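Chains D and A, in that order, are what the protein sequence lines are.
If you read the first sequence in the numbering used here, its first letter stands for residue 799, the second for the next number, and so on.
If you read the second sequence in the numbering used here, its first letter stands for residue 45, the second for the next number, and so on.
One structure below.
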Amino acid sequence: MSGNLLNEFTIFVLAIFIGFEVISKVPTILHTPLMSGTNAIHGIILVGAILIAATARDPLQIVLGLVAVILATINVVGGFVVTDRMLEMFKGRQPAKPAKPAETTPPEKTAG
Amino acid sequence: MTVWVALAYLLAAVLFIVGLIELSSPKTARRGNQIAAVGMVIALLATIPLLHFTSAGIVITIIGILIGVPIGAIGARQVKMTAIPQMVALFNGVGGGAAAVVAVSELLLQGSHPPFAVAFPSVFSIVIGSVSFAGSLVAFAKLQALLTGTPITYPGQQIVNGVLALAIVGLAVYLIAIASTPVIFVPLLVLGLVLGVAFVLPIGGADMPVVISLLNAFTGLAVAASGFVLGNFALIVAGTLVGASGTLLTKLMSDAMGRSLGNVLFGAFGSVTAGPAGAVSAEGKSVRSGTPEDIATLLAYSRKVIIVPGYGLAVAQGQHAVRELADELEKRGVEVEYAIHPVAGRMPGHMNVLLAEANVPYEQLKEMDEINDEFKSADVALVVGANDVVNPAAHNSPGSPIYGMPILNADQAKNIVFMKRSMRPGFAGIDNELLYDPKTVMLFGDAKDSLMKLVAAVKAA
């Protein structure tokens with residue numbers, strides 16, 4: 799197992815650097831969605847919850863396993879759905895969808 | 045672990061990384077979240093060959109998922125956009141709780157004298173997971189106004205917290221190095237929960253986003269630790285990614301508020317003495333309040349209006365009304381822009397989401413650095429439900445708790461219109477001298493109501 803532990807530790811250290819690197823340049827408007835998105839990713843604990851729930855035998859293990867699976871499922875599902883809802887709001891602005899602004903006669907684009 | 049499982053986990057890890065990269069750019073953010081979700085499904089499916097279900101095991105797994113999915117999905121769908129921050133806190137907290145429970149369960153399986161490689165990460169996951177769980181619940185309660193948003197402090201608090209932390213370290217060392225029985229996890233779990241509560245209570249409501257982000261990073265680390273306990277690569281990689289990126293994000297958020305992380309987390313202890321020195325006394329000062337008609341005339345005959353939206357706008361659900369007002373003004377040839385403070389609303393980026401919901405054109409939303417020089421040339425700064433983010437005390441009263449925070453220079457506009465419910469101070473709990481400025485006109489009332497009145501009055505003007 800010690801070789802395994804070393805592998806795990808290597809991956810751990812490398813993942814720290816990747817984690818820092820991937821979000822080093824984020825505009826402020828994305829801070830909240832990004833937090834929520836990373837929040838969903840740590841819902842991976844559902845894998846761990848299922849691993850311990852699957853082998854449950856005695857009552858204590860059953861209770862712990864059930865609690866872990868419920869909590870982790872809420873984390874995964876809620877995390878991804880709420881992030882998607884937030885980002886859904888952003889879609890309307892990029893495609894030229896100026897149905898409303900077009901009615902307002904002065905096109906203020908060139909105002910400077 | 046078979047080769048195929050390992051390769052599937054690798055694929056999931058790559059999808060998480062790609063998802064995070066895409067989440068960092070506005071154009072690709074939504075797809076990034078979906079890519080990460082695909083990675084999650086792959087990681088879950090890949091785990092199936094590893095499972096050796098007992099009959100009870102398969103039942104509780106299925107029941108657990110059947111209970112969790114609707115709670116998560118309905119909670120995330122139904123929550124109002126204004127309440128998103130506390131919802132994220134809640135989802136984060138349950139993740140931390142799950143990590144702690146997984147570690148407890150695995151530690152118990154090991155029986156007496158658990159090996160170091162299990163005992164150490166278990167203890168870490170139990171403590172950090174329970175701190176995150178309890179801390180997130182307190183953050184939720186503060187944002188949901190179940191608890192007061194002002195810092196809750198008492199004499200000797202730092203000592204109590206310090207003793208708590210020391211007790212946890214001592215117990216952890218005892219469990220890892222000496223104890224033959226893993227049952228000692230019970231006091232560890234309890235102390236972790238108490239520390240989580242004690243840690244978040246003294247932090248003000250306005251700083252909750254930073255705290256939630258920090259607890260989010262904590263949960264990531266707890267998940268990674270649980271990954272070490274179970275020897276599962278998917279947990280280690282995903283948990284560590286979140287732990288690292290969450291830590292950096294926490295720093296970016298406190299930078300956006302012009303504060304150090306230490307000041308955010310422990311600032312309340314100093315503010316007791318700083319408060320009186322920095323606060324502007326309201327006594328003997330008068331405020332000018334105007335009717336919607338007066339203010340509508342002022343707005344309608346301006347050349348340039350800058351709207352400063354704040355949380356008050358969001359709680360009043362006034363996003364649509366404010367856009368209507370802007371449309372009316374633009375019809376009359378008034379140039380309208382929105383000045384978005386980095387922490388407007390309850391979280392960085394929160395206000396952008398709310399205004400996007402009301403179809404405010406993206407080009408009109410200006411970030412602080414972009415617009416701060418434009419206030420000088422603005423006829424009116426229309427402050428809707430914001431307060432602390434335009435408080436000049438941040439510039440000129442060194443004793444104030446918000447001194448040094450970057451603010452919007454609304455005070456430089458020729459006229460300032462404040463739409464507020466009352467003279468109550470903002471979330472930071474300090475008075476705003478700008479309210480007493482001779483250039484300032486107040487319009488009291490619910491932001492949405494007032495905006496509707498303004499729209500009607502501008503149409504008539």
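Built from N, CA and C at the ideal position, the CB exists for glycine as well.
Note that this is a predicted model, so its numbers are computed, not measured.
Can you list, in chain order, the residues of its chain whose CB lies under 7 Å from that of A:L293, leaving out five sequence neighbours each side?
S257
Any Cβ of chain D within less than 8 Å of the Cβ of A:E150?
yes
List in chain order: all unbroken alpha helix (DSSP H) runs of 4+ residues lying wholly within the stretch 115 to 196 of chain A.
128 to 153, 160 to 187
Quick one: complete alpha helix (DSSP H) runs, 4+ long, within the stretch 328 to 377 of chain A?
336 to 344, 355 to 359, 363 to 375
Range of the contiguous beta strand (DSSP E) that encloses A:V380:
379 to 384
Cutoff 8 Å: A:G101 Cβ touching any chain D Cβ:
yes
A:N459 - partner residues in DSSP beta bridges:
A:V424
Can you tell me the Cα-Cα spacing of A:A73 and A:A57, whole angstroms?
18 Å
Measuring CB to CB, does A:V352 end up less than 8 Å from A:V427?
yes
Within 10 angstroms of the Cβ of A:S315, are there 16 or more other Cβ atoms? Answer buried if so, exposed if not.
With a pLDDT of 46 at A:S315, under the threshold of 50, the predicted position of this residue should be treated as unreliable, though the coordinate-derived value follows. Label assigned to A:S315: buried.
For A:R347 and D:P904, the rounded distance between their alpha carbons
For D:P904, the predicted model reports a pLDDT of 41, less than 50, meaning its position is unreliable; a value from the coordinates is still stated below. Cα to Cα, the separation comes out at about 14 Å.
Is the Cβ-Cβ distance between D:A851 and D:V867 less than 8 Å?
yes
Quick one, are the C-beta atoms of A:L487 and A:P336 less than 8 Å apart?
yes
C-alpha distance - A:G240 paired with A:D490, whole-angstrom precision
36 Å
Indicate whether the contact test is met: 3 or more Cβ pairs, each with one atom in the stretch 95 to 104 of chain A and one in the stretch 122 to 142 of chain A, closer than 8 Å.
no
Select from the stretch 273 to 294 of chain A all residues with a C-beta closer than 7 Å to any C-beta belonging to chain D, and list them in chain order.
L274, G275, N276, F277, A278, L279, I280, V281, A282, G283, T284, L285, V286, G287, A288, S289, G290, L292, L293
Residues of chain A with CB closer than 8 Å to the CB of D:L869, please, in chain order.
G112, V138, G139, G141, A142, V145
For A:F488, does the three-state DSSP call read helix, strand or coil?
strand
Cβ-based burial, A:Y198 [other Cβ within 10 Å; buried from 16]
exposed
Please look up how many angstroms separate the CB atoms of A:G356 and A:R465, rounded, as I've assumed it's under 8 Å.
7 Å
Beta-carbon neighbours of A:I65, restricted to chain D and to distances below 8 Å:
V820
Would you say the stretch 242 to 249 of chain A touches the stretch 159 to 168 of chain A, given that touching needs at least three Cβ pairs under 8 Å?
no
For A:N431 and D:N837, what's the separation of their Cα atoms in angstroms?
30 Å
For A:M131, decide whether its Cβ has a neighbour in chain D, counting only Cβ atoms nearer than 8 Å.
yes
Supposed close pair A:I451, A:E411 - CB separation, criterion 8 Å:
Their Cβ separation, rounded to whole angstroms, is 13 Å, which puts A:I451 and A:E411 out of contact at 8 Å.
Within chain A, the residues that D:T826 reaches when beta carbons sit closer than 7 Å
A300, P386, P392, G393, E411
Nearest to A:V238 (by Cα), restricted to the options A:A268, A:A221, A:L398, A:V204:
A:V204
Report the rounded CA-to-CA distance for A:G287 versus D:G817, giving the unit in angstroms.
8 Å
Where the alpha helix (DSSP H) through D:E886 begins and ends:
857 to 886
In terms of DSSP beta bridges, what is A:L409 paired with?
A:Y382
Can you look up D:K823 in the DSSP assignment and give me helix, strand or coil?
coil
Going by the DSSP bridge assignment, what does A:K464 pair with across the sheet?
A:F488
Mind listing the chain A neighbours of D:T853? Cutoff is C-beta to C-beta under 7 Å, in chain order.
H96, T98, G101
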